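Structure first, then comments.
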Amino acid sequence: MQVGGQPQPPQVAQQGRPTVLNQLYPTDLLTQPFNPSELDLPPPPIILPPNTSVTASPDANCSSRYIRSTINAVPTSNSLLKKSKLPFALIIQPYGALHDDEDPIPVVQDQVISRCRRCRTYINPFVTFLDHGHRWRCNMCNLSNDVPQAFDWDAAAQQAADRWQRHELNHAVVEFVAPQEYMVRPPQPLVYLFLFDVSYAAVSNGLLATSARTILDSLSRIPNADRRTRLGFLAVDSSLHYFSIPKDTDENGETSMLVVSDLEEPFLPVPHDLLVPLTESRQSIEKFLQKLPDMFQNNQSNGSCMGSALRAGHKLISALGGKIVVLTASLPNTGVGKLDMREDKKLLGTSKESSLLQTSNSFYKSFAVECSKNQVSIDMFLFSSQYQDVASLSNLPRYTGGQTWFYPGWHASRPEDALKFASEFSDYLSSEIGLEAVLRVRATTGLRMNAFYGNFFNRSSDLCAFPAFPRDQCYVVEVAIDENLTKNVVCLQAAVLHTTCNGERRIRVLTLALPTTTNLSDVYASADQLAITTYFSHKAVERALSSGLDAARDALAAKVTELLQTFKKELAGGSMGGGLQFPANLRGLPLLFLGLTKNVGLRKSTQIPSDIRSAALCLLSTLPIPLLTRYIYPRLYSLHDMPDNAGIPDEATGQIVLPPPLNLSSERLVSYGLYLIDDGQVQFLWVGRDAVPQLIADVFGVEDRTQVHVGKGRVPELENDFNERIRAVIQKSRDHRSLGVGSITVPHLYIVREDGEPLLKLWAQTLLIEDRADQGVSAAQWLGSLREKVVQ
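In full-length UniProt numbering, the protein residues as written are 1 to 792.
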């Protein structure tokens, strides 16, 4: 085919360094207090020289929804990066939703995948074409490569195609349908193996019945477009219970149960009817799930051989790979992986507390690595009212691309508990996860991926392995500058090779271009405070687990001090006057770091059970930026005096308008007020001690404040405008889709009276991180102590 007449791209001007990058605007943190609405601002823009991309597409550079860099202008040398004291890291969130139709991205269907033959970079909007369009120069390593002949041919229409319309030259985020050579083996089906705890604890709190009912109600939501999805079920107490489920066509088929009590090397029954195709055994599965709770309703066993069950489950699905879904209300107390009750209140708040946050049995790490090798991912849903050793159990998801969900004190007899879990578990089952995935990040010569953080197994220096790739987590990659950068622009490219849940092998490619600079002020003016906070959140979790909570908190305080000192010395001319200078784009950083040190995962306290802490550390190291920001610096909305447009849809967007967020300080609360405090995991509706009867009647439908039901609950649906708006604000505040992230979480709403239940009130107040409480400093004290250190 003749390519010589290929038109040149719309612009071919010479790249120059952009004249101006982001402007540095110093502000005074003491006289111009931080406003929480600043956290909703986009990061400093990425300003590239004109004509950096081969097409003029507005989507040529990666959106901050998918990748955020801690700095949007990269120092040309490692010495300048070190001088800045800022980290260089990418926060990567390859998916913006649980389902593709909520976050569609362009798909290259024709299996023409052009990659650099030296560094294996995928062709992208920042390459350059040479030799009349016959060759392209790699934007990472500068090698020139042949353009594949089929690149300009539309195979579907059997005619020449316009190269400049190709998705991969117009979009920084694309997905390629992968040909055969991207497969180690044919794409595997989606496999879910459910491990049900059927001990007395799980039967009596309603976990077994609720989870069986939710799976039954969600069978149509489980991805099964290719009709190959398989399900299996194991029940666990002091023995293992296998279930052999017949196909619907087998008229005499009955589900049979096989009990194995010899846990040393469990006898493994014939696997073919233990993992059954959902399509072919749908009615039998439904019948089984309806009967399952009755089979164990009188079970008195308190044993849990969960380690043995996990081993058996791994044996069962390791040939195919897939998900082991653990639903348990017990501490594994028998057989392999046995755990002990090690919670000790005397250790809480002491230097020895961190031992409770570490794994107490090496099985949970070594078994997880074994699972990763066989493409088996584990998700833990934990429901105990007693100690459950979340610290040990959470290793299983941590190394297998899974997640730990924790429901402390959960009981199905409380409608709020049953509804929360049923909604979250159903959304979890519907999520379009990837299978057999690997993540690799490449970059311009001179840059190197130095460290990776997140739930996966780091298989080699630059390859992260995910037996299953979730839709609701983010990953942090630290970048090192090994050689001086001579180009005006550097590029970084993340690629996720995976099998979709309907059996198609694909590569999701995300390409980010950033300008380089020799100026420290450019680096500071382009720094992204939310990305920086996310990076240090992951670092703090790592530090807490290796060196203890004190070390993690001290490192955060030292880092924010160092950044303020560097800014004062290098960019504020050494003088601070009476204030505390920092750039406008980083004004939230000191309070975000204060929020991090006061988060339930890290704060100094003698009152936080280690399971609660461990579950919080799981969130601090997996939540996408918008949800992590809220978890660290919660939202506080004043509802009794919200603007007239709050709680009703915006005319232009149709989205519910939220009131302006307030600083997290009790000084913002008036005694006659009504407030919503929301950290994305839990919401508090705060009713002031002097709230007027009319407000109480409109919102709660009762005459007197003392009649308001406190604790877990919901706002009743009443026929008045104010009540509707309050409910709309509560609902909108928990709408993660509008934040551009996937999440299954439905926060509990707790109704708190200022003069009501003291413990509930104290819990709500721990979210007001600008207050002084429980051995922590107030925001004013924090900024004051930072200023003292900086002025020294």
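We put the beta carbon where it would ideally sit given N, CA and C, even for glycine. Every value quoted in this text rests on a predicted model; they were computed, and no experiment measured them.
Per the Cβ contact rule, the segment 473-484 is not in contact with the segment 406-418 (fewer than 3 Cβ pairs under 8 Å).
Three or more pairs of CB atoms, one per stretch, sit closer than 8 Å, so the segment 532-545 contacts the segment 599-617. For the options L263, L90, C62, P148, the alpha carbon positioned closest to that of H171 is the one of C62. The shortest CA-to-CA distance from L768 to any of L669, V708, S218 is the one to L669. DSSP places S69 in the strand class (E or B) of the three-state scheme. The residue from L169, L339, Y407, P33 with its alpha-carbon nearest to that of H748 is Y407. Sequence-distant Cβ neighbours of F126 in its own chain, meaning closer than 6 Å and more than five residues away, are S53, N139, C491, A513.
Residue state for I215 is assigned as helix, using DSSP reduced to three classes.
Every unbroken stretch of the alpha helix (DSSP H) spanning 4 or more residues and falling wholly within the segment 553-640 is given here in chain order: 589-598, 610-620, 625-632. Separation of the CB atoms of S69 and D528 is rounded to 7 Å, and the pair is thereby assigned contact status at 8 Å.
Per the coordinates, the alpha-carbon of K598 lies some 7 Å from the alpha-carbon of G776. Beta-bridge pairing by DSSP links V699 to no other residue. Taking a contact to require three or more Cβ pairs closer than 8 Å, the segment 220-228 and the segment 250-262 do not qualify as touching. The residue among L193, S238, V198, L30 with its C-alpha nearest the C-alpha of I222 is L193. The beta carbon of E754 is closer than 6 Å to those of G688, R689 in its chain, skipping five residues each way along the sequence. Here the alpha carbon of R587 sits roughly 27 Å from the alpha carbon of I481.
Residue state for P397 is assigned as helix, using DSSP reduced to three classes. Inter-residue distance for N519 and P75 is about 7 Å (C-alpha atoms, whole angstroms). DSSP, read as helix, strand or coil, puts W410 in coil.
Around the C-beta of A495, 16 or more other C-beta atoms lie within 10 Å, and the residue is accordingly described as buried. The alpha helix (DSSP H) runs lying completely inside the segment 91-135 and spanning 4 residues or more number zero. Ranking A73, S318, F34, Y66 by CA distance to the CA of P44 puts A73 first.
Taking the C-beta atoms as reference points, S261 is found no nearer than 7 Å to S244.
Between E483 and H99, the CB-CB gap reaches or exceeds 7 Å. In this structure, DSSP gives R227 a state outside helix and strand, which the three-state scheme calls coil. At a Cβ-Cβ threshold of 7 Å, V108 and F176 count as neighbours. According to the DSSP assignment, A495 belongs to no alpha helix (DSSP H) but to the beta strand (DSSP E) extending over 489-499.
Listed in chain order, the non-local C-beta contacts of F381 below 6 Å within the same chain comprise L327, W405, local neighbours out to five positions each way being set aside. Membership of A451 in the beta strand (DSSP E) is indicated by the continuous run 447-453. One alpha carbon belongs to L357, the other to S610, and they sit about 6 Å apart.
With a cut-off of 8 Å on Cβ pairs, the segment 728-735 is not in contact with the segment 447-465, counting fewer than three such pairs.
DSSP places V174 in no alpha helix (DSSP H) but in the uninterrupted beta strand (DSSP E) bounded by 173-177. Ranking G756, I612, S384 by CA distance to the CA of S204 puts S384 first.
Judged by pairs of C-beta atoms under 8 Å, the segment 330-342 touches the segment 305-318, as three or more such pairs exist. Sequence-distant partners of V369 (beyond 5 residues in either direction) whose C-beta falls short of 8 Å from its own C-beta, in its chain, are Y399, F457. Contact between V198 and D248 does not hold, since their C-beta atoms are separated by about 25 Å, which reaches or exceeds 8 Å.
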